[in-house]
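A.B. asks:
This is the structure:
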């Protein structure tokens with residue numbers, strides 16, 4: 008039964024194989040027809056695509072050429088406008104630098120004015136100090152006033168030393184105490200000398216005349232210096248006023264230039280706005296060009312995708328053909344194996360039938376033997392034979408089962424392969440139909456896209472022509488306006504530059520004049536400072552020498568006093584001298600009524616003064632006065648020399664002017 012069932016299954020498999028072959032033949036015929044249709048469609052679509060691409064490429068090349076020309080013209084015009092803007096900006100920067108230079112010059116002039124004002128203030132303070140010094144140096148007509156002025160000068164020197172030498176405060180205090188003691192001693196000695204000096208001296212009027220003439224010359228020189236300083240101050244004020252006027256004019260010029268600069272900046276902003284408008288138009292054209300290029304790229308991409316899809320379809324068809332060929336080869340191989348398998352199955356069936364017949368015969372013979380003869384004792388041969396027969400039966404059963412199982416597996420495998428091949432062929436046919444539909448749809452969409460691209464190209468060409476016309480008109484208008492504005496700006500800037508150069512030249516000339524005058528004033532001020540320093544140094548030296556002389560005189564007077572006291576003490580006249588001294592210090596009421604001229608004579612009436620002391624005092628007074636006269640003559644000579652030098656400088660400055 009199993010073999011019959013297997014035979015029926017094999018027959019069914021053969022029928023299914025025949026049906027599969029018939030279906031495969033039909034599918035091959037359908038595939039061949041589809042391949043022919045596909046090739047025809049591909050050839051037609053390829054030709055149409057080539058024509059469309061050629062036309063599209065020509066249109067795109069013409070459009071791109073036109074757009075490139077328009078862009079090159081626009082870029083050249085934009086470059087020209089940028090160059091004009093850069094030139095205007097450079098001019099503006101140059102004007103700004105000139106303005107900054109003018110402002111710096113104005114600042115320098117202001118600083119110089121401040122310096123001159125400070126110098127004037129210093130000169131004014133110097134003049135005031137000179138006035139004070141001259142007022143303090145007015146010589147008295149009386150010797151007591153001269154000694155008082157000397158004492159005040161010494162006190163002032165002590166005060167200056169206190170201010171200058173703060174570190175030596177203790178030594179300055181000690182020196183002050185010593186100077187105060189010396190001044191007290193000098194006062195006492197002056198009073199004594201005023202009593203003792205006789206008025207009938209032949210040298211007194213000459214000495215007073217010399218002192219008065221020297222003081223007169225000194226006052227004249229100081230007055231001339233004051234007049235010179237006042238004249239310099241007035242000249243400096245006039246220079247300052249002129250410089251202020253020039254600074255005001257420069258400030259007005261700077262304001263006007265700032266206004267003109269603002270106007271130019273406004274005009275530049277207008278031009279920049281116009282350039283921005285043109286740039287925006289160029290950008291719009293560039294965006295339109297980019298859009299057209301994007302559309303062209305999209306069309307190219309779509310054509311490339313369509314070509315790729317066609318290539319994929321061709322590859323799929325070729326792969327399907329190869330797969331069909333391999334499947335047909337496998338089916339052929341399976342069909343070639345089927346006769347061998349059927350022969351093996353028939354051989355196995357015959358062998359099974361023979362084995363079954365032998366087994367039935369043996370079983371029948373065994374039953375007959377058992378029935379005919381009694382049962383002998385079991386022999387070993389029979390048992391062995393039975394065992395062999397059982398083993399052979401079992402082996403045959405296993406072989407039959409294995410062969411049946413193998414046949415069933417082969418039949419199932421062939422059935423599954425045929426079913427799978429049939430399903431694959433049906434799926435491939437469906438895929439081919441779908442791909443054909445897709446290719447038809449893509450061709451239709453490509454045709455629509457080509458129509459839309461043609462319309463877009465026509466619209467873009469029309470827009471490009473209109474934009475070119477508008478650009479040409481705008482360029483002509485802007486070119487004329489720019490030329491007019493540039494001409495106006497150039498003329499205005501040239502006028503402004505000439506005016507500013509003229510003003511700058513005038514300002515430089517005035518500045519040089521002011522610098523020369525300031526340098527002259529500075530030189531004069533430095534010379535006057537040096538002169539004053541020299542005068543102060545000479546005065547300090549004279550004061551030091553006078554102090555040394557006074558100390559020497561005091562020492563000599565002290566020594567004479569000690570000698571006189573010693574002589575008086577030796578002669579016994581000390582008590583009498585003290586009484587006369589008290590009478591001289593405390594005069595009687597009868598003496599108060601006497602005139603002033605008779606005051607220096609009580610020494611004669613009271614007692615005769617020692618002739619040696621009187622001679623020493625007269626000689627010391629004459630020596631000190633002669634030294635003072637020599638110092639004053641040296642100072643007057645130095646002042647006359649400085650005045651001659653100043654007159655020479657003024658003459659050289661007038662020659663320079």
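Numbering (our numbering), first residue to last: 8 to 664.
C-beta atoms are modelled at their ideal positions from N, C-alpha and C, and glycine is treated no differently.
Give me the residue from 573, 123, 517 with the minimum Cα distance to residue 526.
C.D. replies: Translated into positions along the chain shown, residue 526 becomes position 519. Residue 123 is the option with its Cα nearest to residue 526.
A.B. asks: Flag this pair as yes or no: are the beta carbons of residue 514 and residue 105 separated by less than 8 Å?
C.D. replies: Position 507 of the chain shown, counted from the first residue, corresponds to residue 514. Position 98 of the chain shown, counted from the first residue, corresponds to residue 105. No, these two residues do not count as a Cβ contact at 8 Å.
A.B. asks: Just verifying my parser: in three-state terms, what is the DSSP assignment at residue 277?
C.D. replies: Residue mapping note: residue 277 aligns to position 270 of the chain shown, counting from 1. Residue 277: helix per DSSP, three-state reduction.
A.B. asks: Going by the CB atoms, is the gap between residue 95 and residue 2 shorter than 8 Å?
C.D. replies: Here the chain has residues from 8 to 664 only, and residue 2 is not among them.
A.B. asks: Assuming residue 492 and residue 278 make a contact with CB atoms under 8 Å, what is their CB distance in whole Å?
C.D. replies: As a working mapping, residue 492 is identified with position 485 in the chain shown. As a working mapping, residue 278 is identified with position 271 in the chain shown. With a Cβ gap of about 7 Å, residue 492 and residue 278 count as contacting.
A.B. asks: In or out: residue 372 buried (at least 16 other Cβ within 10 Å) or exposed?
C.D. replies: Taking the chain shown and counting its residues from 1, one reaches residue 372 at position 365. Burial call: exposed.
A.B. asks: Would you check if the distance between the CB atom of residue 255 and the CB atom of residue 511 is smaller than 8 Å?
C.D. replies: In the chain shown, residue 255 corresponds to position 248, counting from 1. In the chain shown, residue 511 corresponds to position 504, counting from 1. Not a contact, by the Cβ cut-off of 8 Å.
A.B. asks: So the candidates are 498, 67, 281; which of them puts its Cα closest to the Cα of residue 488?
C.D. replies: Position 481 of the chain shown, counted from the start, is the residue given in the question as residue 488. Of the candidates 498, 67, 281, the one whose C-alpha sits nearest the C-alpha of residue 488 is 281.
A.B. asks: Pairing CB atoms from the segment 262–276 with CB atoms from the segment 54–70, are three or more of them under 8 Å?
C.D. replies: Taking 8 Å as the limit for Cβ pairs, the verdict is that the segment 54–70 does not touch the segment 262–276.
A.B. asks: Please classify residue 413 as buried or exposed, where buried requires at least 16 other C-beta atoms within 10 Å of its C-beta.
C.D. replies: The residue given as residue 413 occupies position 406 in the chain shown. By the neighbour-count rule (16 or more Cβ atoms within 10 Å), residue 413 is not buried but exposed.
A.B. asks: Name the residue from 358, 80, 438 whose alpha carbon lies nearest to the alpha carbon of residue 403.
C.D. replies: If you number the chain shown from 1, residue 403 lands on position 396. It is 358.
A.B. asks: How is residue 22 classed by DSSP in three states: helix, strand or coil?
C.D. replies: Taking the first residue of the chain shown as 1, we reach residue 22 at position 15. DSSP places residue 22 in helix when its eight states are reduced to three.
A.B. asks: May I have the straight-line CA-CA distance separating residue 361 from residue 396, to the nearest angstrom?
C.D. replies: The residue labelled residue 361 in the question sits at position 354 within the chain shown. The residue labelled residue 396 in the question sits at position 389 within the chain shown. Spanning the two alpha carbons is a distance of roughly 15 Å.
A.B. asks: Among residues of its own chain, excluding the 5 on either side of residue 524, which ones have a beta-carbon nearer than 6 Å to its beta-carbon?
C.D. replies: Residue numbering aside, residue 524 sits at position 517 when the chain shown is read from its first letter. So the qualifying residues of the chain are 246.
A.B. asks: Have a look at 428, 69, 253, 126 and flag the residue whose alpha-carbon is nearest the alpha-carbon of residue 516.
C.D. replies: For this step, residue 516 is matched to residue 509 along the chain shown. Comparing Cα-Cα distances from residue 516 to each of 428, 69, 253, 126, the minimum goes to 253.
A.B. asks: With C-beta atoms as the reference, is residue 535 less than 8 Å away from residue 133?
C.D. replies: Sequence index remark: in the chain shown, residue 535 carries index 528 (1-based). Sequence index remark: in the chain shown, residue 133 carries index 126 (1-based). Going by C-beta atoms, residue 535 is nearer than 8 Å to residue 133.
A.B. asks: Quick check: the Cα distance between residue 433 and residue 43, rounded to an integer number of angstroms?
C.D. replies: Stepping through the chain shown from its first residue, residue 433 is reached at position 426. Stepping through the chain shown from its first residue, residue 43 is reached at position 36. Answer to the nearest angstrom: the Cα atoms are 19 Å apart.
A.B. asks: Taking 8 Å as the threshold (C-beta atoms), are residue 550 and residue 160 in contact?
C.D. replies: Taking the chain shown and counting its residues from 1, the one referred to as residue 160 is at position 153. Taking the chain shown and counting its residues from 1, the one referred to as residue 550 is at position 543. Contact flag set, yes.
A.B. asks: Where does residue 505 land, buried or exposed, given buried means 16+ other C-beta within 10 angstroms?
C.D. replies: For the purposes of this step, residue 505 is taken as the residue at position 498 of the chain shown. With fewer than 16 other Cβ atoms within 10 Å, it is exposed.
A.B. asks: Taking C-beta to C-beta, are residue 341 and residue 424 nearer than 8 Å?
C.D. replies: Along the chain shown, read from residue 1 onward, the residue named residue 341 stands at position 334. Along the chain shown, read from residue 1 onward, the residue named residue 424 stands at position 417. Closer than 8 Å, so yes.
A.B. asks: For residue 127 versus residue 240, is the C-beta distance shorter than 8 Å?
C.D. replies: Sequence index remark: in the chain shown, residue 127 carries index 120 (1-based). Sequence index remark: in the chain shown, residue 240 carries index 233 (1-based). Going by C-beta atoms, residue 127 is nearer than 8 Å to residue 240.
A.B. asks: Using the C-alpha atoms, what's the distance from residue 532 back to residue 496?
C.D. replies: Taking the first residue of the chain shown as position 1, residue 496 is located at position 489. Taking the first residue of the chain shown as position 1, residue 532 is located at position 525. If I take the Cα positions, the gap works out to 51 Å.
A.B. asks: If I measure Cβ to Cβ from residue 114 and keep anything under 7 Å in the same chain, skipping five residues before and after, which residues do I get?
C.D. replies: Start at 1 with the first residue of the chain shown, and residue 114 comes out as number 107. Nothing meets the Cβ criterion.
A.B. asks: Is it buried or exposed, residue 352, if we count other Cβ atoms within 10 angstroms and call 16 or more buried?
C.D. replies: Taking the chain shown and counting its residues from 1, the one referred to as residue 352 is at position 345. Residue 352 is buried by the Cβ-count criterion.
A.B. asks: For residue 484, does the count of other Cβ atoms within 10 angstroms reach 16, so buried, or fall short, so exposed?
C.D. replies: Translated into positions along the chain shown, residue 484 becomes position 477. Result: exposed.
A.B. asks: Verify whether the separation of the beta carbon atoms of residue 310 and residue 70 is less than 8 Å.
C.D. replies: Looking up residue 310 in the chain shown gives position 303. Looking up residue 70 in the chain shown gives position 63. Not a contact, by the Cβ cut-off of 8 Å.
A.B. asks: Roughly how many angstroms lie between the CA atoms of residue 89 and residue 458, to the nearest whole one?
C.D. replies: Counting from 1 along the chain shown, the entry for residue 89 is found at position 82. Counting from 1 along the chain shown, the entry for residue 458 is found at position 451. In a straight line, the C-alpha of residue 89 is about 42 Å away from that of residue 458.
A.B. asks: In this structure, how does DSSP classify residue 15 when only helix, strand and coil are distinguished?
C.D. replies: By 1-based counting over the chain shown, the position of residue 15 is 8. Residue 15 falls in the helix class under three-state DSSP.
A.B. asks: Label residue 421 either buried or exposed according to how many other C-beta atoms from any shown protein chain fall within 10 Å of its C-beta, with 16 as the threshold for buried.
C.D. replies: As a working note, residue 421 is residue 414 in the chain shown. It counts as buried.
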